[in-house]
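J.: Under our numbering, the first residue of the sequence shown carries the number 1, and numbering increases by one thereafter.
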Amino acid sequence: MACRVSHTTIDCDDAFALSEWWKKMLGYTDVPGDPNEPGHEECMILDLVTGHLLLFIEAPDDRVVKNRLHLDLVPT
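#1: How is the beta strand (DSSP E) around M44 delimited, first residue to last?
#2: Is E37 helix, strand or coil by DSSP?
#3: Starting from R9 and walking both ways along the beta strand (DSSP E), at which residues does that stretch end?
#4: Applying the 10 Å Cβ sphere with the 16-neighbour rule, what's the burial state of A15?
#5: For T8, tell me which candidate among A17, F56 and M25 has the shortest Cα-Cα distance.
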């Protein structure tokens, strides 16, 4: 089965703060109709040119061995 990456997910401690930092660094924006707000446990940002999505999810556990970055796939 062939797949494509639908978005990239990053586990973090503060989803809003990290999404705001990366939004400025990469020139991304909030997903239209789904603004990120302080306190949100999941924040997604979008590259309007390529359509690439980054999703930041708060994960309470320490990430010593666990992956912090996930490629979320959908079948093609």
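Glycine included, every Cβ here is placed at the ideal spot set by N, Cα and C.
T.: According to the structure shown:
#1: Membership of M44 in the beta strand (DSSP E) is indicated by the continuous run E42 to L46.
#2: Coil.
#3: According to the sequence provided, residue 9 is Thr. The question's Arg does not apply to it. Per DSSP, T9 belongs to the beta strand (DSSP E) from C3 to C12.
#4: Around the beta carbon of A15, 16 or more other beta carbons lie within 10 angstroms, which makes this residue buried.
#5: Checked all of A17, F56 and M25; the closest Cα to T8 is F56.
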